[in-house]
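Okay, structure first, notes after.
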Amino acid sequence: MIYQYKFDKILTIKENEKNDVLVKYNETIKKFEEVAEKLYKLLKKKEDLLQFQQEKLTQGLTVQEIRHNQQFMDNLENIIMHNQKEVIKARQAMNTQQSKLMEKNIEVKKYEKIKEKDFQKFLEEIKEVENKDMDEISIRQFLSKG
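Counting in the working numbering, the sequence shown runs from 220 upward without gaps.
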């Protein structure tokens, strides 16, 4: 007897779906890391600019330089706010894909568990058939000697 799992095609489909979701999840992680890195660099730039401005204020600045620096800081703040929104979107996308991945993983595990139980049942059936065959052979030998 050859073992054939009745849901083998479904299991294969579910594994493929899980792998597709895993690829998408890894892409969202990469996107999140890129956006977060960009935000980090902008925040670092803002911090450096504030420190630079403090140093320049102690040395003395013209009104024009102060206005220029403030305008640059305002623009930087707008860019930072925009990037923060993108980081939030990327995090949400990553969390959504993670949830989908967990669901697909659970589905695959269910089918694998069913397959495992089905295979154990198959082995038990083979063992029963072998035992019946052995009993039959024993009875025939006993009857042929008797």
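Just so it is clear, CB atoms sit at the ideal spot from N, CA and C, and this is done for glycine as well.
How big is the Cα-Cα spacing for residue i and residue j?
i: Val242; j: Lys332; result: 24 Å
i: Lys308; j: Thr315; result: 10 Å
i: Lys260; j: Ile248; result: 18 Å
i: Ser363; j: Asp354; result: 14 Å
i: Gln273; j: Glu252; result: 31 Å
i: Gln339; j: Gln303; result: 53 Å
i: Ser357; j: Glu344; result: 20 Å
i: His301; j: Lys265; result: 14 Å
i: Glu246; j: Lys257; result: 17 Å
i: Lys278; j: Gln311; result: This sequence places Gln at residue 278; Lys is not what is there. Cα-Cα distance, rounded: 46 Å.
i: Leu230; j: Met313; result: 25 Å
i: Leu276; j: Asp293; result: 18 Å
i: Leu438; j: Phe271; result: Since the first and last residues shown for the chain are 220 and 365, residue 438 lies out of range.
i: Tyr330; j: Met220; result: 22 Å
Between which two residues does the alpha helix (DSSP H) containing residue i stretch?
i: Leu261; result: Asp227 to Gln278
i: Tyr369; result: The structure shown does not extend to residue 369, since the chain is modelled only from 220 through 365, so no value can be given for it.
i: Thr315; result: Val282 to Lys364
Return the Cβ separation of residue i and residue j in integer angstroms, given the expectation that the two are a contact with Cβ distance under 8 Å.
i: Leu268; j: Ile299; result: So it is not a contact: roughly 11 Å between Cβ atoms.
i: Val240; j: Val306; result: Incorrect: roughly 22 Å between the Cβ atoms, too far for contact.
i: Leu326; j: Lys233; result: The sequence given here places Glu at residue 326; Leu does not occur at that position. Indeed, because the Cβ distance is near 5 Å, the residues count as touching under 8 Å.
i: Lys328; j: Glu236; result: 13 Å between Cβ atoms; not a contact.
Give a yes or no on whether 8 Å exceeds the smallest Cβ distance from residue i to chain D.
i: Leu258; result: No chain D is part of this structure, which consists of one protein chain only.
Next on the checklist: Assess contact between the stretch 346-362 and the stretch 281-292, defined as three or more Cβ pairs (one per stretch) separated by less than 8 Å. Is contact present?
Outcome noted: Too few Cβ pairs lie closer than 8 Å, so no.
Checklist entry - Any chance the stretch 221-228 sits against the stretch 312-328, with 3 or more Cβ pairs inside 8 Å? => result Inter-segment contact for the stretch 221-228 and the stretch 312-328 is absent: fewer than three beta-carbon pairs are separated by less than 8 Å.
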